[in-house]
Each structure stands twice: as C-alpha cells, then as structure tokens.
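> One structure, pasted below without further comment.
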Amino acid sequence: MGRSSLQGEDTRERVGHAGEHGRAGGSGVRERDGSARPDDDGEGAPPAAVPAAGGGGRPRPLGSPSGPGRPGRRRTLRWVACVLSLLILGTAGAGYLYYEHLNGNIRTDDLNLGKNGMAGHRVNAAGQTPLNILLIGSDARDSAENKALGGARDTFDGPPLADVQMLVHVSADRSNMSVISMPRDTVLKIPECTDRSGKVYEETGWTLTNESLSRGGPGCTVATWYKLTGITIDHFMQVDFAGVVSMADAIGGVPVCVKDNVYSRNSQGQGSGLRLKAGTTSVKGEQALQWLRTRYGFRDGTDLARTEAQHMYMNSMVRELRKSTKLTDPAKLRSLAEAATSALTVDEGLDTVAKLYALAEEFKQVPTERITMTTMPNFYSQRPGFAGKVEPLQPDAEQVFRMVREDVPLDGKASRRTAPAAPAVPEDPAAEAGEIGVRVQNGTYTDELGAARGRATEIAGILTGKGFTRATADSQTDPQDRTVVFYPSAELAGDARAVAQAVGLPVSSVSKSADVSGVTLVVGADWREGTTYPQDAAGNDTKAPSSAKPLNAGDTGACMDVQPGFTW
Numbered sequence: 010m011g012r013s014s015l016q017g018e019d020t021r022e023r024v025g026h027a028g029e030h031g032r033a034g035g036s037g038v039r040e041r042d043g044s045a046r047p048d049d050d051g052e053g054a055p056p057a058a059v060p061a062a063g064g065g066g067r068p069r070p071l072g073s074p075s076g077p078g079r080p081g082r083r084r085t086l087r088w089v090a091c092v093l094s095l096l097i098l099g100t101a102g103a104g105y106l107y108y109e110h111l112n113g114n115i116r117t118d119d120l121n122l123g124k125n126g127m128a129g130h131r132v133n134a135a136g137q138t139p140l141n142i143l144l145i146g147s148d149a150r151d152s153a154e155n156k157a158l159g160g161a162r163d164t165f166d167g168p169p170l171a172d173v174q175m176l177v178h179v180s181a182d183r184s185n186m187s188v189i190s191m192p193r194d195t196v197l198k199i200p201e202c203t204d205r206s207g208k209v210y211e212e213t214g215w216t217l218t219n220e221s222l223s224r225g226g227p228g229c230t231v232a233t234w235y236k237l238t239g240i241t242i243d244h245f246m247q248v249d250f251a252g253v254v255s256m257a258d259a260i261g262g263v264p265v266c267v268k269d270n271v272y273s274r275n276s277q278g279q280g281s282g283l284r285l286k287a288g289t290t291s292v293k294g295e296q297a298l299q300w301l302r303t304r305y306g307f308r309d310g311t312d313l314a315r316t317e318a319q320h321m322y323m324n325s326m327v328r329e330l331r332k333s334t335k336l337t338d339p340a341k342l343r344s345l346a347e348a349a350t351s352a353l354t355v356d357e358g359l360d361t362v363a364k365l366y367a368l369a370e371e372f373k374q375v376p377t378e379r380i381t382m383t384t385m386p387n388f389y390s391q392r393p394g395f396a397g398k399v400e401p402l403q404p405d406a407e408q409v410f411r412m413v414r415e416d417v418p419l420d421g422k423a424s425r426r427t428a429p430a431a432p433a434v435p436e437d438p439a440a441e442a443g444e445i446g447v448r449v450q451n452g453t454y455t456d457e458l459g460a461a462r463g464r465a466t467e468i469a470g471i472l473t474g475k476g477f478t479r480a481t482a483d484s485q486t487d488p489q490d491r492t493v494v495f496y497p498s499a500e501l502a503g504d505a506r507a508v509a510q511a512v513g514l515p516v517s518s519v520s521k522s523a524d525v526s527g528v529t530l531v532v533g534a535d536w537r538e539g540t541t542y543p544q545d546a547a548g549n550d551t552k553a554p555s556s557a558k559p560l561n562a563g564d565t566g567a568c569m570d571v572q573p574g575f576t577w
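Per the numbering used here, residue 10 is the first one in the sequence shown, and the count goes up by one each step.
Okay, here's the thing in structure tokens:
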C-alpha cells in the first residue's frame with residue numbers, strides 16, 4: 010500500500026517496516042504513555058472530499074460503461090460536491106488511450122481482510138439499496154513529496170496508520186447522505202485479518218483504531234469498522250498528502266472561516282503552519298492541506314476539533330462546487346483527473362474510471378442540504394495506558410450506527426424510504442421454533458456498569474416460552490455494544506432471523522460469523538434489562554444525538570474557534 014493521506018500530528022513510536030508491494034508489515038506496536046505525540050508539522054486531514062449534489066438524472070448501476078470515453082458527455086458541474094465526480098467528468102470526450110491511462114493510475118486492494126464476511130443489504134420496496142463507502146487517510150511517508158508534506162522524519166517509510174476514517178452513507182432512495190468520522194485514537198479491538206500474502210494478524214487486545222491499516226491494509230480497517238458498527242461497507246477509498254494538494258489546486262479556492270487570527274505553530278515547532286486572518290479566507294493547495302491537518306490552533310487543540318474543521322471544509326466545498334463554473338475548463342479537469350486517480354487506492358469494485366463515474370452518478374442525486382456530517386459520540390478513556398484517547402459513548406454511538414444500518418437519515422428529516430421488500434434472492438426458510446438450537450450469551454459488560462447479571466438465562470427463558478425449546482444459556486461472555494444474532498452458514502440464516510424476530514430485534518442485528526458453530530444470540534450493552542428489545546434501540550430514533558456534533562452542509566455560518574495562545 011503505502012498511499013499516505015492526511016493526518017499525522019504526533020510522533021509515533023512504532024516497530025515494523027514496509028512489506029512487499031508497499032504493503033505495511035510488522036506489528037504496528039508502539040509505546041503508549043497517554044501523552045501527546047508531536048511531530049514536525051503536527052496535523053491531519055480527511056482522505057477525500059465528501060461527494061454531494063443536487064440535480065436530477067437517472068442513476069446508472071455501478072460499472073456502467075456509459076460516461077467516460079464517449080463524445081458529448083460533458084455535463085454541468087453545478088451539482089458536483091466531490092473531487093471524485095470531478096475527476097470522472099474530466100475524462101468526458103477523452104480518447105480511449107487517455108481513459109486507459111487514468112485507469113492505470115488507480116491502485117487497488119482487497120475490500121475486507123477480516124475472516125468474517127459482511128452481511129448483504131436488504132432492498133427497499135423500490136428495489137434500492139444504500140451505499141456505504143469508507144474513506145481512509147493513511148499517515149505513511151512513502152515518497153519524497155509525501156515526506157516533505159507530512160514531516161515527522163522518525164516515521165518515514167514506516168507502517169502506515171489509518172489516521173482519518175470517515176464512513177459515507179448514501180441512503181437507498183438517494184434522498185440524503187450521512188457521514189460518520191471515527192477519531193483516530195478510538196480504543197477498540199481489531200479483528201483477525203489476513204493480507205494478500207496469507208499472513209495472519211491475530212485479533213488484538215485493546216488498541217487504537219488507526220493501527221488497523223498496518224495489519225494487512227485498508228481491508229483490515231474495513232473489517233474493524235464492521236466489527237464495531239455492524240454497518241455493511243460496499244467500498245473504500247484511500248488518498249495521500251500530495252493528492253490532496255493537487256486536487257485542492259485544481260478545484261480552486263474553498264472558503265473557510267476562523268473567529269480570530271490563527272497561526273498553527275507553537276514554541277516547540279508543532280503545528281501545521283496555517284496562518285489566517287479572522288473571518289473568511291479562500292484556501293487551496295498546501296494552504297487547504299494545512300487547514301485540513303490543523304490541530305494546534307483550533308478550539309481546544311484536540312483531534313476532535315480537527316475533525317470539526319474538516320467537516321466545515323468539506324461542507325464548504327460542497328457549496329462552492331455546486332455554484333462554481335470555474336471547473337468547466339477541460340484542461341483543469343484533466344489535471345484534476347491525473348491528480349485524483351494517481352492518489353486513489355480503492356477496492357476492486359471501483360477499479361476503473363467508469364465504475365467511479367457510476368458511483369458519482371449515485372452521489373449526484375443527493376441535495377446539498379441533506380448532507381449531515383457527524384463524529385462518533387465518544388468519551389475519554391480511563392483504561393490504563395490510554396489516557397487522552399477515546400472510546401465510543403454508549404448508547405449514543407450505537408444509536409448513530411443503528412440509524413445508518415437501518416438507513417434512517419441523521420438530519421431528522423423525512424426521506425422517500427419505503428418499507429423493506431423481500432430480497433431478490435429467496436432467503437433460507439426457518440425451521441420450526443422447537444427445532445432451532447440457540448445459544449444465548451451475556452455480552453452486556455461495560456467498564457462503567459459491569460455486566461447485567463443473569464441476562465443469558467433470562468433471555469433463553471423468554472425464547473423457550475416462545476417455542477424455542479432448545480434455547481440454552483451459555484457462560485461465555487464476549488462484550489458487545491449491540492445485541493447480535495450470529496449464524497455460521499447460509500442454511501442457518503433463516504433460523505437466525507426467526508430468533509431475532511421472536512425478541513423484537515431488527516434484521517440488521519443478524520450477522521454471519523465464523524466464530525460460532527450454531528445460532529448464537531449475544532445480548533449486548535444496549536439491552537441490559539427487559540424482556541423485549543427496546544423500541545428506541547430497534548429503530549424509533551429520528552435524529553442523530555447532539556453528542557455526534559451534527560453539521561449540515563447547508564450551514565453557511567460555521568466558523569472555527571481559535572485556541573488560546575495561537576493567535577497573532
């Protein structure tokens with residue numbers, strides 16, 4: 010891999026080195042003392058601009074050959090809110106050889122390196138499914154340009170970290186889009202991952218989410234997200250420092266706002282170097298990268314403040330590109346196409362310009378005012394060795410994850426969603442309740458509350474009363490934030506769904522897993538009491554909680570607070 014992206018404020022004490030084909034090797038283990046990890050320039054940024062759009066047009070299926078390489082396919086760019094859309098549109102009318110040249114720029118890697126597959130999407134009544142794309146920013150310094158932009162000499166050519174992680178969810182009806190940023194220092198357990206060479210990275214104990222990238226590649230970051238959230242991820246996209254600068258130059262200025270003069274540099278030389286006057290300034294190129302990587306100087310100087318600034322930039326880009334006509338110049342678009350395709354690493358489902366264009370067509374349908382940026386609700390960890398790091402704040406984090414799993418808009422507005430329809434492929438039917446063996450485990454443990462005693466026995470008894478006479482309590486305790494029904498193989502999928510239905514669990518709670526030998530219900534921290542799964546957890550939430558810090562792309566008044574001591 011070795012495609013670096015946008016974040017990397019702190020000095021990292023790591024072992025391991027780049028592996029074959031640029032893929033990171035080594036354990037990614039580092040010393041942890043809970044202190045800040047300063048580096049040469051100090052900051053981090055998002056892996057790509059979030060796509061958005063207004064305008065009509067019929068969606069094309071992914072991989073549609075229409076679009077690139079055909080004369081007369083130029084389109085008005087008023088709706089463009091993603092550099093991805095721009096790079097694809099920039100090839101319109103280009104010759105076949107140039108199209109193939111751009112395809113050759115795109116790097117690919119495996120979508121999911123975890124040992125458990127991801128659940129499929131259920132279609133709605135209109136035959137539509139949602140789209141979930143994980144944007145990954147690696148902090149690797151693997152080229153002269155990225156080393157110059159990234160700084161931190163002690164990390165040059167070392168294992169990359171996934172220091173920016175944003176999940177983009179496009180609703181099944183394409184009426185709204187939700188983005189969830191996970192802080193790079195989120196404490197969790199990374200699942201077992203196997204890289205392309207066959208090397209197995211065993212499941213970790215408590216560690217940081219950004220270490221997932223060094224455990225085989227972006228497919229392990231995808232697996233980590235799936236384990237934590239239960240959200241099916243369709244694609245990933247990863248970019249680097251140099252690509253961000255090139256694309257920011259091609260796009261042109263993006264207005265950003267600070268409430269006071271700011272200079273991101275402290276007495277130890279830490280900071281991005283961003284220097285702006287109070288008010289609104291149009292930034293591009295390296296200055297845009299500085300904005301996206303600034304931690305020291307914004308609000309309280311934390312990664313969470315940096316994420317907020319990234320959301321502001323991306324929303325401003327949405328608005329700017331939608332009204333802009335300056336990118337209709339074919340030469341500028343070709344330059345952007347070169348920069349973007351050279352910077353991208355994607356899964357094999359997005360390995361051509363045509364597939365990327367088709368994806369952009371899906372984004373095109375989402376109005377700017379229906380894009381909601383959020384940060385995973387979190388709290389500061391109290392685990393030994395992780396002072397200053399964060400963990401998911403429950404139940405708020407699970408509420409956000411559940412809303413995305415169930416395709417509920419985070420902005421609280423109505424969508425064109427319709428009731429789920431039967432899948433196109435017939436599902437495995439369930440056996441009679443009395444014939445289904447069910448193991449029930451108590452996974453309710455949290456550091457704050459401990460475990461809710463007797464939950465496995467209690468829920469097993471409820472299932473028995475509903476006719477599942479082979480339900481038994483299992484003494485195994487594997488903590489889960491959310492209640493899940495696991496099944497090991499396709500022939501037991503129907504049985505697992507029947508168990509979920511019996512206790513009021515949503516269909517998104519049913520998941521295939523290689524870790525179980527039969528249908529297994531793990532009662533999670535979201536169901537510590539009661540005989541029926543809580544209705545608010547099952548799908549009655551109508552808006553993201555305030556702890557997710559939702560920011561709408563239509564908000565033109567957003568302006569960053571400046572950290573005391575970083576003004577001039």
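Note that beta-carbon positions come from the ideal geometry of N, C-alpha and C, so glycine has one too.
All figures in this text were calculated on a predicted structure; none of them were measured in a lab.
Could you pull out every residue in the same chain whose Cβ sits closer than 7 Å to the Cβ of tyrosine 322, ignoring the five residues on either side in sequence?
The answer, listed in chain order, is Val263, Val265, Trp300 and Leu301.
> Given a cut-off of 8 Å on the beta-carbon distance, is the pair leucine 197 and threonine 218 in contact?
For leucine 197 and threonine 218, yes; Cβs fall inside 8 Å.
> For glycine 306, collect the residues of the same chain with a Cβ closer than 6 Å to its Cβ; drop the 5 residues on either side in sequence, then sort them by chain order.
Val271, Ser273, Gln572 and Phe575, listed in sequence order.
> Does glutamate 407 come out as helix, strand or coil in the three-state DSSP assignment?
The answer is helix: DSSP assigns glutamate 407 an H, G or I state.
> Can you tell me the Cβ-Cβ gap for valine 267 and alanine 287, rounded? I've got them flagged as a contact below 8 Å.
Confirmed, about 6 Å.
> At a cut of 8 Å, does the region 355 to 374 reach the region 523 to 542 through at least three beta carbon pairs?
Result no; under three Cβ-Cβ pairs closer than 8 Å.
> Applying the 10 Å Cβ sphere with the 16-neighbour rule, what's the burial state of alanine 509?
Under this definition alanine 509 is a buried residue.
> Assuming the contact rule is C-beta atoms closer than 8 Å, threonine 486 and valine 188 should be a hit. Round their C-beta distance to whole Å, please.
Going by Cβ atoms, the distance from threonine 486 to valine 188 rounds to 34 Å, so no, they are not a contact pair.
> Which residue or residues does DSSP assign as beta-bridge partners of serine 180?
Looking at the DSSP assignment, serine 180 forms no beta bridge with any residue, so it has no partner.
> Checking 8 Å against the spacing of the C-beta atoms, do glycine 278 and leucine 122 come in under that value?
Cβ distance not < 8 Å, so glycine 278 and leucine 122 don't count as in contact.
> Specify the secondary structure class of serine 206 as computed by DSSP and reduced to three states.
The answer is coil: DSSP assigns serine 206 none of H, G, I, E or B.
> How about aspartate 490 and aspartate 535: do their beta carbons lie closer than 8 Å?
It is a contact, given that the beta carbons lie within the stated cut-off.
> Looking at the unbroken beta strand (DSSP E) that takes in glycine 146, where does it start and where does it end?
From DSSP, the beta strand (DSSP E) with glycine 146 extends over 140 to 147.
> Using a 10 Å radius around the Cβ and a threshold of 16 neighbouring Cβ atoms, would you call alanine 430 buried or exposed?
Summary for alanine 430: the model assigns pLDDT 47, below 50, so the residue's position carries little reliability, and this model does not support an answer.
> Could you say which of Ser147, Pro438 and Val493 lies nearest to threonine 453 if we only look at CA atoms?
Selected option, being the one with the closest Cα: Val493.
> Just the C-alpha distance for aspartate 504 and tryptophan 215, rounded to the nearest angstrom, thanks.
Approximately 33 Å, taken between the alpha carbons.
> Can you tell which of Ser390, Arg414 and Arg506 has its C-alpha closest to the C-alpha of valine 179?
The option with the nearest alpha carbon to valine 179 is Arg414.
> Measuring alpha carbon to alpha carbon, tell me which residue in Pro488, Gly459, Val449 and Phe495 is nearest threonine 473.
That would be Val449, whose Cα lies nearest to the Cα of threonine 473.
> Among Lys364, Arg411 and Arg193, whose alpha-carbon lies nearest the alpha-carbon of threonine 551?
Out of Lys364, Arg411 and Arg193, Arg411 has the C-alpha closest to the C-alpha of threonine 551.
> Using CA atoms only, rank isn't needed, just tell me which of Asp437, Val525, Lys422 and Asp570 is closest to alanine 553.
Among Asp437, Val525, Lys422 and Asp570, the Cα nearest to that of alanine 553 is on Lys422.
> Can you tell me the Cβ-Cβ gap for lysine 521 and tyrosine 496, rounded? I've got them flagged as a contact below 8 Å.
Their Cβ separation, rounded to whole angstroms, is 6 Å, which keeps lysine 521 and tyrosine 496 in contact under 8 Å.
> Report yes if the C-beta distance between cysteine 202 and glycine 239 is below 8 Å; otherwise report no.
Not a contact, by the Cβ cut-off of 8 Å.
> So which of Pro200, Arg193, Glu444 and Gly207 has the shortest CA-CA distance to leucine 144?
Measuring from the Cα of leucine 144, the nearest candidate turns out to be Arg193.
> Between the alpha carbons of serine 517 and histidine 320, how many angstroms are there, rounded?
Whole-angstrom Cα-Cα distance: 28 Å.
> Under a Cβ-count criterion, where at least 16 other Cβ atoms within 10 Å of its own Cβ denotes burial, should asparagine 391 be classed as buried or exposed?
Looking at the sequence provided, one finds glutamine at residue 391 rather than asparagine. With fewer than 16 other Cβ atoms within 10 Å, it is exposed.
> Taking only runs of the alpha helix (DSSP H) that begin and end inside the region 303 to 355, which ones reach a length of at least 4 residues, in chain order?
Whole alpha helix (DSSP H) segments, 4+ residues: 312 to 332 and 339 to 352.
> What three-state label does DSSP hand lysine 156 in the structure shown?
With a pLDDT of only 48 at lysine 156, under the threshold of 50, the placement of this residue in the model should not be trusted; the figure read from the coordinates follows. In the structure shown, lysine 156 sits in a helix (DSSP, three-state: H, G or I).
> Runs of 4 residues minimum, wholly inside the region 206 to 255: which ones carry the alpha helix (DSSP H) assignment?
227 to 238, all fully within the region 206 to 255.
> If serine 351 and asparagine 133 are in contact, beta carbons under 8 Å, what's the gap, nearest whole angstrom?
Their Cβ separation, rounded to whole angstroms, is 37 Å, which puts serine 351 and asparagine 133 out of contact at 8 Å.
> Please confirm whether alanine 480 and glutamate 538 have their CB atoms less than 8 Å apart.
Cβ atoms of alanine 480 and glutamate 538: not closer than 8 Å.
> What is the rounded straight-line gap between the Cα of arginine 116 and the Cα of methionine 246?
Each residue's Cα considered, the two are about 10 Å apart.
> Identify every residue that forms a DSSP beta bridge with alanine 480.
For alanine 480, which the question treats as bridged, DSSP gives the partners Val447.
> Pull up the DSSP beta-bridge partners for valine 532, would you.
Partner(s): Asn451.
> Consult DSSP for valine 512 and reduce its assignment to one of helix, strand or coil.
Coil.
> Between the C-alpha atoms of alanine 349 and alanine 406, what's the straight-line distance to the nearest angstrom?
Answer to the nearest angstrom: the Cα atoms are 32 Å apart.
> Would you call alanine 499 buried or exposed, if buried means 16 or more other Cβ atoms sit within 10 Å of its Cβ?
Looking at its Cβ environment, which holds fewer than 16 other Cβ atoms inside 10 Å, alanine 499 is exposed.
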